[in-house]
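Visitor: This is the structure I have questions about; it appears just below.
Number of protein chains: 2
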Amino acid sequence: MAEVAALVGDPARANILDTLLDGRAFTATELAFAARVGAPTASAHLAKLLEARLLAVVKQGRHRYYRLASPLVARMLESIMAVAAIEMPPRYRPRSSRDEALLLGRTCYDHLAGRLGVGIADALVARSQVVLSDDAGEVTADGVKLFGDLGIDLAAEKRPSPRRFCRPCLDFTERRFHLAGALGAMLARRCFDLRWIERRRDSRAVAITPMGHEGFRNAFGLDLRQPPATERARREAAA
Amino acid sequence: MAEVAALVGDPARANILDTLLDGRAFTATELAFAARVGAPTASAHLAKLLEARLLAVVKQGRHRYYRLASPLVARMLESIMAVAAIEMPPRYRPRSSRDEALLLGRTCYDHLAGRLGVGIADALVARSQVVLSDDAGEVTADGVKLFGDLGIDLAAEKRPSPRRFCRPCLDFTERRFHLAGALGAMLARRCFDLRWIERRRDSRAVAITPMGHEGFRNAFGLDLRQPPATERARREAAA
DNA sequence: GGATCGCTTCGCTTGGGAGCGAAGCATCGG
DNA sequence: CCGATGCTTCGCTCCCAAGCGAAGCGATCC
């Protein structure tokens, strides 16, 4: 356990892994830039992560594309970030427009996070289309219909249960749950397909298109052009 | 993220955290022994873990009892161990009777792991009393009845869904899923209450009592006095 | 085929932190 | 009170590994 944690425990490697949490594959040079270290240093780090099977690599011409070796690694990183967000003492950190974009919406390996991800999860729970606990979640009959309207046919999946499993993932900026698991991944993919959201270059942040604002408002009653409600205001609105 | 991972990444601290994954609280001296370091070294480590809020402490007389700060930390450690078990290259490790006991059955924070934990999960899934996916799981009507017979009244819980959520947890010795989440915790607690299993001193291993062997056979068709079936033998038996 | 680019290997320096012994500070027993 | 126990703080040593510059190797472009 110590070896794996130590690999993640180095700042440069943590930056690399955080970048790869995007789900996409990056070249060694891109990752060196993201980690803010020189090429030789990054190369050594990538070799270590590769040897420990945390990463996988594909050679393509003179580029080497690195990616996370498995969803298991992504989950581990998620859980570490969740602990880091909740358990570490709060600390000053400067804001930038780049940070703002990440706060609004970003990918978390294969699903959506940030105010967008949390907002969707909140809406689904508030309308009883999804039931979430700390451990897991399921889609109600109402939810199956909603997802069907969005073009996600849950009944078509060959699973032992007609109800779709999903998984809560602790959002490290919002400090609340968003939707992960198979359902979260399908929803994120569908949003990309519908061009409701688009990836930003060199960042895990996603941009919401005008079509997306329309879609999210219609489907989930979400309007992310407004600043996020505080926890207190949210409770008052619910009451 | 790097800071939290670095804390877990030190061998001595990893030993401490692994010991505390038991779920119980231990004194500083006990943890120093478990980590195989001197008292001053352990004290420094505990201070760091405490400052990062990974641990909590209770002063009791001249003893200081340390425990994991939250289930979130336990989950993070589980996920790191899961990656360590699956993704790291296999390596030689000597066996001991102490290891054997851990392989047979142990606690994993608040639920059961090892051959016992995996065996229970396998039996529940094979009999369609629980449905498990990679992300989550649910109890079937059949399962609700079984748990009722064991004295676990799932219907009494005030949850949004009548079905109990549970969570698969990758067993780092068996490399297969066992039952975690609220259901796993309730089941483990009930097994302790029924005196089917007992904690061993200074170890996360649990001992199965004669009553336990009887109970596990009746409830799950489990006989752990025999060596575990290989994956191949298990498939052949199922066919 | 010479220049360029992407990435790695080699050799070296440096800093952070893990570890322990000794001493200091509480708390408990008698 | 006085010694014993549990734990921490202080001061120190030592080692590991992160980092970079220079050089090497392979693929690509024109």
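Residue numbers (this note's numbering), protein chains in the order written: chain U, 4 to 242; chain B, 4 to 242.
Cβ coordinates follow ideal geometry from the N, Cα and C atoms, glycine included.
Quantities reported herein were computed from a predicted structural model and do not represent experimental measurements.
#1: Taking Cβ to Cβ, would you say B/Ala8 is nearer than 7 Å to U/Gly12?
#2: Between which two residues does the beta strand (DSSP E) harbouring U/Phe180 extend?
#3: Against chain B, does U/Arg78 count as a neighbour if the rule is that its beta carbon must be under 7 Å from one of theirs?
#4: Of the residues that make up the stretch 168-201 of chain B, which ones have a beta carbon closer than 7 Å to any beta carbon in chain U?
#5: Can you grab the Cα-Cα spacing for the pair B/Asp137 / U/Arg220, in whole Å?
#6: Check whether chain B comes within 7 Å of U/Val12, counting only Cβ atoms and requiring the distance to be less than that.
#7: Determine the burial state of B/Gly151: buried for a count of at least 16 other Cβ atoms within 10 Å of its Cβ, exposed for fewer.
#8: Counting only the same chain and skipping the five closest in sequence on each side, list residues whose C-beta sits under 8 Å from that of U/Leu227.
#9: My assumption, with CB atoms under 8 Å, is that U/Ala116 sits in contact with U/Asp174. Please give the rounded CB distance.
#10: Assuming the contact rule is C-beta atoms closer than 8 Å, U/Val86 and B/Val60 should be a hit. Round their C-beta distance to whole Å, please.
#11: Thinking just about the alpha-carbon of each residue, which of U/Leu57, U/Arg27, U/Ser99 and U/Arg78 is nearest to the one in U/Tyr68?
#12: Could you tell me the distance, in whole angstroms, from the CA atom of B/Asn18 to the CA atom of B/Leu71?
#13: Would you tell me roughly how many angstroms separate the C-alpha atoms of B/Leu135 and U/His66, rounded to the nearest one?
#14: Just curious, the alpha helix (DSSP H) that U/Phe175 is in, first and last residue?
#15: Would you decide whether B/Arg78 is buried or exposed? Buried here means 16 or more other CB atoms lie within 10 Å of its CB.
#16: Taking the alpha-carbon positions, what's the B/Asp205 to B/Leu10 distance?
#17: Give the interface partners of U/Gly140 over in chain B, defined as CB-CB distance under 8 Å, in chain order.
#18: So, is the C-beta of B/Met4 closer than 7 Å to a C-beta in chain U?
#19: In terms of DSSP beta bridges, what is B/Leu52 paired with?
#20: Within 10 Å of its beta-carbon, does U/Asp184 have 16 or more other beta-carbons around it, so buried, or fewer, so exposed?
#21: Can you tell me which of B/Ile155, B/Arg179 and B/Pro213 puts its alpha carbon nearest to the alpha carbon of B/Ala188?
#22: With 7 Å set as the bound, which would you pick, yes or no: does the beta-carbon of B/Leu58 sit closer than that to a beta-carbon of chain U?
#23: Count the other CB atoms within 10 Å of the CB of B/Glu131; is the residue buried (16 or more) or exposed (fewer)?
#24: How is the alpha helix (DSSP H) around U/Ile123 delimited, first residue to last?
#25: Kindly provide the ranges of any beta strand (DSSP E) runs that are 3 or more residues long and lie completely inside the stretch 10-46 of chain U, ordered along the chain.
#26: Tell me the rounded alpha-carbon separation between U/Ser100 and U/Arg203.
#27: Identify whether U/Ile155 lies in helix, strand or coil by the three-state DSSP scheme.
#28: Please report how far the alpha carbon of B/Ala55 lies from the alpha carbon of B/Arg16, in whole angstroms.
#29: Is the CB of U/Leu24 under 7 Å away from at least one CB in chain B?
#30: Strictly under 7 Å for the Cβ-Cβ distance: is B/Ile83 near chain U by that measure?
#31: With a 10 Å radius around its C-beta and 16 neighbouring C-beta atoms as the bar for buried, classify B/Asp145 as buried or exposed.
#32: Could you tell me the distance, in whole angstroms, from the CA atom of U/Thr176 to the CA atom of B/Asp25?
#33: So, helix, strand or coil for U/Pro163, using DSSP?
Guide: On the basis of the data shown:
#1: Counting from one through the second sequence, the residue named residue 8 of chain B turns up at place 5. Counting from one through the first sequence, the residue named residue 12 of chain U turns up at place 9. Yes, Cβ-Cβ distance for B/Ala8 and U/Gly12 is below 7 Å.
#2: Translated into positions along the first sequence, residue 180 of chain U becomes position 177. For U/Phe180, the uninterrupted beta strand (DSSP E) run begins and ends at Phe180 to Ala183, by DSSP.
#3: The residue given as residue 78 of chain U occupies position 75 in the first sequence. For U/Arg78, the answer is yes, since a Cβ of chain B falls inside 7 Å of its Cβ.
#4: Along the stretch 168-201 of chain B, the positions whose C-beta sits under 7 Å from a C-beta of chain U are Phe168, Cys169, Arg170, Gly184 and Ala185, read in chain order.
#5: Taking the first residue of the second sequence as 1, we reach residue 137 of chain B at position 134. Taking the first residue of the first sequence as 1, we reach residue 220 of chain U at position 217. A direct Cα-Cα distance of roughly 31 Å separates B/Asp137 from U/Arg220.
#6: Position 9 of the first sequence, counted from the first residue, corresponds to residue 12 of chain U. Residue 12 of chain U is actually Gly in this sequence, not Val. By this cut-off, U/Gly12 is an interface position.
#7: As a working note, residue 151 of chain B is residue 148 in the second sequence. The residue in question, B/Gly151, is exposed, as its Cβ has fewer than 16 Cβ neighbours within 10 Å.
#8: Taking the first sequence and counting its residues from 1, the one referred to as residue 227 of chain U is at position 224. Only Leu107, Gly108, Arg118, Leu119, Gly122, Ile211, His216 and Phe219 meet the Cβ criterion.
#9: In the first sequence, counting from the first residue as 1, residue 116 of chain U sits at position 113. In the first sequence, counting from the first residue as 1, residue 174 of chain U sits at position 171. Taking a contact as a CB-CB distance under 8 Å, the pair U/Ala116 and U/Asp174 counts as one, their CB atoms being some 5 Å apart.
#10: Sequence index remark: in the first sequence, residue 86 of chain U carries index 83 (1-based). Sequence index remark: in the second sequence, residue 60 of chain B carries index 57 (1-based). At roughly 18 Å, the Cβ-Cβ gap does not stay under 8 Å, so U/Val86 and B/Val60 are not in contact.
#11: Indexing the first sequence from 1 puts residue 68 of chain U at position 65. It is U/Arg27 whose Cα lies nearest to the Cα of U/Tyr68.
#12: Taking the second sequence and counting its residues from 1, the one referred to as residue 18 of chain B is at position 15. Taking the second sequence and counting its residues from 1, the one referred to as residue 71 of chain B is at position 68. Distance between the alpha carbons of B/Asn18 and B/Leu71: 13 Å.
#13: In the second sequence, counting from the first residue as 1, residue 135 of chain B sits at position 132. In the first sequence, counting from the first residue as 1, residue 66 of chain U sits at position 63. Rounded to whole angstroms, B/Leu135 to U/His66 spans 40 Å at the Cα level.
#14: For this step, residue 175 of chain U is matched to residue 172 along the first sequence. Premise fails: U/Phe175 is in no alpha helix (DSSP H) and is neither H nor E.
#15: The count along the second sequence starts at 1 and reaches residue 78 of chain B at position 75. The C-beta of B/Arg78 has 16 or more other C-beta atoms within 10 Å across all chains shown, which makes the residue buried.
#16: The residue given as residue 205 of chain B occupies position 202 in the second sequence. The residue given as residue 10 of chain B occupies position 7 in the second sequence. Per the coordinates, the alpha-carbon of B/Asp205 lies some 23 Å from the alpha-carbon of B/Leu10.
#17: Here residue 140 of chain U corresponds to residue number 137 of the first sequence, with the count starting at 1. Going along chain B in sequence order, the residues near U/Gly140 (Cβ under 8 Å) are Ala139 and Phe168.
#18: For the purposes of this step, residue 4 of chain B is taken as residue 1 along the second sequence, with counting starting at 1. Yes, contact with chain U.
#19: Your numbering for residue 52 of chain B matches position 49 in the second sequence. DSSP links B/Leu52 through a beta bridge to no other residue.
#20: Within the first sequence, numbered from 1, the residue matching residue 184 of chain U stands at position 181. For the record, residue 184 of chain U in the displayed sequence is Gly; it is not Asp. Classification for U/Gly184: buried.
#21: Position 185 of the second sequence holds residue 188 of chain B. Residue B/Ile155 is the option with its Cα nearest to B/Ala188.
#22: Your numbering for residue 58 of chain B matches position 55 in the second sequence. At a cut-off of 7 Å between C-beta atoms, B/Leu58 does not count as an interface residue with respect to chain U.
#23: Mapped onto the second sequence, residue 131 of chain B falls at position 128. One point to set straight first is that residue 131 of chain B is Ser, not Glu, in the sequence displayed. Residue burial is scored here from C-beta neighbours: B/Ser131 has fewer than 16 other C-beta atoms within 10 angstroms and is therefore classed as exposed.
#24: For the purposes of this step, residue 123 of chain U is taken as the residue at position 120 of the first sequence. Note, U/Ile123: alpha helix (DSSP H), Gly117 to Ala129.
#25: Within the stretch 10-46 of chain U, no complete beta strand (DSSP E) run reaches 3 residues.
#26: Position 97 of the first sequence holds residue 100 of chain U. Position 200 of the first sequence holds residue 203 of chain U. The alpha-carbon atoms of U/Ser100 and U/Arg203 are separated by roughly 13 Å.
#27: Along the first sequence, one-based indexing puts residue 155 of chain U at 152. Three-state result, U/Ile155: coil.
#28: Position 52 of the second sequence, counted from the start, is the residue given in the question as residue 55 of chain B. Position 13 of the second sequence, counted from the start, is the residue given in the question as residue 16 of chain B. Approximately 13 Å, taken between the alpha carbons.
#29: Locating residue 24 of chain U in the first sequence gives position 21, counting from the first residue. Judged by the 7 Å Cβ criterion, U/Leu24 is not in contact with chain B.
#30: Walking along the second sequence from the start, residue 83 of chain B turns up at place 80. Yes - at least one Cβ of chain U is within 7 Å of the one on B/Ile83.
#31: Taking the first residue of the second sequence as position 1, residue 145 of chain B is located at position 142. Its Cβ having fewer than 16 others within 10 Å, B/Asp145 is exposed.
#32: The residue you call residue 176 of chain U lines up with position 173 of the first sequence. The residue you call residue 25 of chain B lines up with position 22 of the second sequence. Computed Cα separation, rounded: 30 Å.
#33: The residue labelled residue 163 of chain U in the question sits at position 160 within the first sequence. Interpretation of U/Pro163 is limited by its pLDDT of 49, a score under 50 that renders its predicted location unreliable; no figure is taken from the coordinates.
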